[in-house]
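S.K.: Before I ask anything, let me first share the structure, which is written out below as structure tokens.
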Amino acid sequence: MGRKPCCDKIGLKRGPWTIEEDHRLMNFILNNGIHCWRIVPKLAGLLRCGKSCRLRWINYLRPDLKRGGFTDAEEDRIMELHSQLGNRWSKIASHFSGRTDNEIKNHWNTKIKKKMKHLGLDPATHEPVNNSITDQTESNQKTEPNMCSTVKEGEETKGPTPKDDVITETTTTLIMSDNDEELLAKNCKNLCAEEVDIGSLFEMQGNEISISSSSFSSLYSNISRCESSSYIAQDSISLEQWDLDMTDPLVQWDLFANLEDTLFL
DNA sequence: AAGCGGCCCAACCGCTCCACG
DNA sequence: ACGTGGAGCGGTTGGGCCGCT
1 MGRKPCCDKI GLKRGPWTIE EDHRLMNFIL NNGIHCWRIV PKLAGLLRCG KSCRLRWINY
61 LRPDLKRGGF TDAEEDRIME LHSQLGNRWS KIASHFSGRT DNEIKNHWNT KIKKKMKHLG
121 LDPATHEPVN NSITDQTESN QKTEPNMCST VKEGEETKGP TPKDDVITET TTTLIMSDND
181 EELLAKNCKN LCAEEVDIGS LFEMQGNEIS ISSSSFSSLY SNISRCESSS YIAQDSISLE
241 QWDLDMTDPL VQWDLFANLE DTLFL
């Protein structure tokens, strides 16, 4: 029997995301929120699987992401949490606002691990290591159960179940204020793809997205510059081209129910 | 300037979890 | 209780970037 793959890979695009794809995804989620990742790429007009869209949103486009390097305090906190939680990156990430599990995982593997070794600590156990066994410890890391894999082996040691977790899942219904939406609707018709990093423009406030006036003026100035140059003809992204319109009121996902049947399900 | 090697990180893969019928 | 399928997670990879020679 076998399980159906999560997405039909034939004809789907892979690899790095283009600015236009980012804009399409961003635009769609801002208008509609997230209810089912599988149908997001279809409705957003993207040749990507839902999984890829989810990853892109979570790791790059999400408006509440904090950009830039980790502070020493953040690194210390990561080390502390890792000593308690092991390689459960999503759990660790939940203790930071604006940091993704992928980001923390990458930072751990590229920086903190080295830092700990430099301090004479075993990254897997957080215990001091003597130099004579350093190599052995390193070579064993893949098979030696660290905190995470140890936990996996014994069900009773599995730690808090998701239900016990204090972490609250926020539904990603993205609502913009009338004012912001109006401004964006008016001005986002021609986004200068090369110059506007949409992901950095917005801020999460509760479960709403807002755009700061400085960010918006930055966006607006970019738009203005583009409109007055030949650049726009070549590189701008017209929302009409995507069959999406920022001026539309928030589209209820219920309306997509019928589309699911006719389009792809 | 060119070649090389190491580093970094975005993205993918495969697996598990979990909700739902 | 069980099967199914979407979402989420952690490990891994590959390509671009950067510094060194």
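With full-length UniProt numbering, the residue at position 88 of the first sequence is 88, and numbering never jumps.
We put the beta carbon where it would ideally sit given N, CA and C, even for glycine.
Report the residue from His82, Lys91 and Asp101 whose alpha carbon sits nearest the alpha carbon of Met116.
M.R.: The count along the first sequence starts at 1 and reaches residue 116 at position 116. Out of His82, Lys91 and Asp101, His82 has the C-alpha closest to the C-alpha of Met116.
S.K.: Flag this pair as touching only if the segment 16 to 27 and the segment 46 to 57 have three or more C-beta atom pairs under 8 Å; answer yes or no.
M.R.: yes
S.K.: Taking the Cβ atom as the reference point for each residue, do Pro63 and Cys53 lie within a distance shorter than 8 Å?
M.R.: Residue 63 sits at position 63 when you count from the first residue of the first sequence. Residue 53 sits at position 53 when you count from the first residue of the first sequence. No, Cβ-Cβ distance for Pro63 and Cys53 is not below 8 Å.
S.K.: How about Cys49 and Leu12: are their beta carbons less than 8 Å apart?
M.R.: As a working mapping, residue 49 is identified with position 49 in the first sequence. As a working mapping, residue 12 is identified with position 12 in the first sequence. Yes, the Cβ-Cβ distance between Cys49 and Leu12 is below 8 Å.
S.K.: With 16 as the cutoff for other CB atoms within 10 Å, does Pro128 come out buried or exposed?
M.R.: In the first sequence, counting from the first residue as 1, residue 128 sits at position 128. Counting Cβ neighbours within 10 Å, Pro128 comes out exposed, since fewer than 16 surround it.
S.K.: If we ignore side chains and look at the alpha-carbon of each, how far apart do Gly69 and Leu47 end up?
M.R.: Working through the first sequence from its first residue, we reach residue 69 at position 69. Working through the first sequence from its first residue, we reach residue 47 at position 47. Straight-line Cα distance between these residues: approximately 32 Å.
S.K.: Using the three-state DSSP reduction, which class does Pro41 fall into: helix, strand or coil?
M.R.: Position 41 of the first sequence, counting from 1, holds the residue named residue 41. Reduced to three states, the DSSP call for Pro41 is helix.
S.K.: Tell me whether Ser177 is buried or exposed, calling it buried when 16 or more other Cβ atoms sit within 10 Å of its Cβ.
M.R.: Taking the first residue of the first sequence as 1, we reach residue 177 at position 177. Any reading at Ser177 needs caution, since the residue's pLDDT is 42, under 50, leaving its predicted position unreliable; the model's value is listed next. Counting Cβ neighbours within 10 Å, Ser177 comes out exposed, since fewer than 16 surround it.
S.K.: Using only the alpha-carbon positions, how far apart do Lys91 and Asn106 sit?
M.R.: The residue labelled residue 91 in the question sits at position 91 within the first sequence. The residue labelled residue 106 in the question sits at position 106 within the first sequence. Cα to Cα, Lys91 sits roughly 15 Å from Asn106.
S.K.: Tell me which same chain residues have a C-beta within less than 8 Å of the C-beta of Glu182, skipping the five on either side of it?
M.R.: As a working note, residue 182 is residue 182 in the first sequence. With a pLDDT of 43 at Glu182, under the threshold of 50, the modelled position of this residue cannot be trusted; read the value that follows with caution. Contacts found: none.
S.K.: In whole angstroms, what separates the C-alpha of Ile19 from that of Leu61?
M.R.: For this step, residue 19 is matched to residue 19 along the first sequence. For this step, residue 61 is matched to residue 61 along the first sequence. So the two alpha carbons sit approximately 11 Å from each other.
S.K.: How is Thr81 classed by DSSP in three states: helix, strand or coil?
M.R.: As a working mapping, residue 81 is identified with position 81 in the first sequence. In the sequence as displayed, the identity of residue 81 is Leu instead of Thr. Secondary structure at Leu81: helix, using DSSP grouped into helix, strand and coil.
S.K.: Trp89 lies in the alpha helix (DSSP H); which residues open and close that run?
M.R.: For the purposes of this step, residue 89 is taken as residue 89 along the first sequence, with counting starting at 1. First-last of the alpha helix (DSSP H) with Trp89: Trp89 to Ala93.
S.K.: What are the partner residues of Leu47, as DSSP defines its beta bridges?
M.R.: As a working note, residue 47 is residue 47 in the first sequence. According to DSSP, which records beta bridges pairwise, Leu47 is partnered with nothing at all.
S.K.: So, Gly98 versus Leu119, is the Cβ gap smaller than 8 Å?
M.R.: Position 98 of the first sequence, counted from the first residue, corresponds to residue 98. Position 119 of the first sequence, counted from the first residue, corresponds to residue 119. No, the Cβ-Cβ distance between Gly98 and Leu119 is not below 8 Å.
S.K.: DSSP three-state label for Leu65, please.
M.R.: Counting from 1 along the first sequence, the entry for residue 65 is found at position 65. In the structure shown, Leu65 sits in coil (DSSP, three-state: anything other than H, G, I, E or B).
S.K.: Determine, using beta carbons only, whether Ile112 and Glu75 come nearer to each other than 8 Å.
M.R.: Counting from 1 along the first sequence, the entry for residue 112 is found at position 112. Counting from 1 along the first sequence, the entry for residue 75 is found at position 75. Closer than 8 Å, so yes.
S.K.: Where do the ends of the alpha helix (DSSP H) carrying His118 lie?
M.R.: Against the first sequence, residue 118 aligns to sequence position 118. Taken as a continuous stretch (DSSP letters only), the alpha helix (DSSP H) holding His118 covers Lys113 to His118.
S.K.: Identify every residue that forms a DSSP beta bridge with Leu121.
M.R.: One-based indexing of the first sequence puts residue 121 at position 121. Paired residue(s): Pro128.
S.K.: Just to confirm, are Asp101 and Trp89 a CB contact at a threshold of 8 Å?
M.R.: Position 101 of the first sequence holds residue 101. Position 89 of the first sequence holds residue 89. In contact: Asp101 and Trp89 (Cβ atoms closer than 8 Å).
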